[in-house]
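First up is the structure itself, then whatever we jot down about it.
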Amino acid sequence: MVRTIELNKRQEKILDIVKENGPITGEHIAERLNLTRATLRPDLAILTMAGFLDARPRVGYFYTGKTGAQLLTENMQKLYVKDYQSIPVVVSESASVYDAIVTMFLEDVGTLFVVDKDSLLVGVLSRKDLLRASIGKQELAAIPVNIIMTRMPNITMCQKEDLLIDVAQQLIDKQIDGMPIVKETEKGFEVIGRITKTNLTKAFVALAGEH
1 MVRTIELNKR QEKILDIVKE NGPITGEHIA ERLNLTRATL RPDLAILTMA
51 GFLDARPRVG YFYTGKTGAQ LLTENMQKLY VKDYQSIPVV VSESASVYDA
101 IVTMFLEDVG TLFVVDKDSL LVGVLSRKDL LRASIGKQEL AAIPVNIIMT
151 RMPNITMCQK EDLLIDVAQQ LIDKQIDGMP IVKETEKGFE VIGRITKTNL
201 TKAFVALAGE H
């Protein structure tokens, strides 16, 4: 579970004062806590940037009425695929299963995207697909990846302007580790990036760290 924004005791006291007396100036908040305005300035900045408080010139601070969970949710709604995407790793549809296994190992990824001669997306290969194909005595160098890959229209895709939270939900619903980021063209979908559970984890950890 993603943790909510945690406040220290002084910040909680500031919130209580503003809830009861807002709008209230920073000077008056400092007086009630027997502290200097300079001492409170970092806490007020944090509470304002996090969205708990709002400030108006010559009026003072007032409480926004939002909880830490609400603010975290709102901030998640501002995270887009384009800000956290990775470089895609692709293989040709004529490549062999052996070639795909080597590529996946060397690139250290969990998903490969299969493209045609026009560099358009035609399939996706997961570790499970390659593991399943390698079980048995078949000659892996003789099996083309297009035999075992997931094909269109069964590929889960996203675009760079999509919200990360929506992509995360798709990964959970489809039980997959990653998906291609595509750009639609007249001929089909061009792969321009990838988004994975690792990308999402980094984004949400960074978001939690900001608060």
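9 is the number that the UniProt record's numbering gives to position 9 of the sequence shown; each next residue is one higher, with no gaps.
Virtual Cβ for every residue (Gly too), placed ideally from N, Cα, C.
Remember, it's a predicted structure, so these values are computed and weren't measured experimentally.
Quick one: using the 10 Å Cβ neighbour count with 16 as the cut-off for buried, is residue i buried or exposed?
i	result
Gln11	buried
Ile147	exposed
Ile135	exposed
Pro180	buried
Gly65	exposed
Gln169	exposed
Asp166	exposed
Leu79	buried
Ile172	exposed
Leu106	exposed
Met104	buried
Val59	exposed
Using three-state DSSP, classify residue i as helix, strand or coil.
i	result
Thr185	coil
Ile176	coil
Phe113	strand
Pro42	helix
Ala98	The sequence shown places Tyr at residue 98, not Ala. It is helical.
Phe52	coil
Thr103	helix
Arg10	helix
Ile155	coil
Ile147	helix
residue 212	Outside the displayed span of the chain (1 to 211) sits residue 212, for which this structure offers no information.
Arg194	strand
Expressed to the nearest angstrom, what Euclidean distance is found between the alpha-carbon atoms of residue i and residue j?
i	j	result
Ile24	Val182	50 Å
Asp118	Ser94	13 Å
Leu35	Glu27	9 Å
Thr201	Thr156	19 Å
Thr48	Ile176	38 Å
Phe204	Ala50	15 Å
Lys13	Ile29	10 Å
Met149	Ala141	15 Å
Glu186	Lys174	27 Å
Suppose contacts are defined by Cβ-Cβ distances below 7 Å. Is residue i in contact with residue j by that definition?
i	j	result
Leu125	Val89	no
Val97	Ala133	yes
Leu130	Ala100	yes
Lys19	Tyr63	yes
Arg37	Ile17	no
**Prompt:** Would you call the stretch 183-203 and the stretch 82-99 in contact, with 3 or more CB pairs under 8 Å?
**Reply:** yes
**the stretch 35-42 in contact with the stretch 15-23 per 3-pair CB rule at 8 Å** = no
**Message:** Any contact between the stretch 158-167 and the stretch 137-145? By contact I mean 3 or more CB pairs, one from each, below 8 Å.
**Reply:** no
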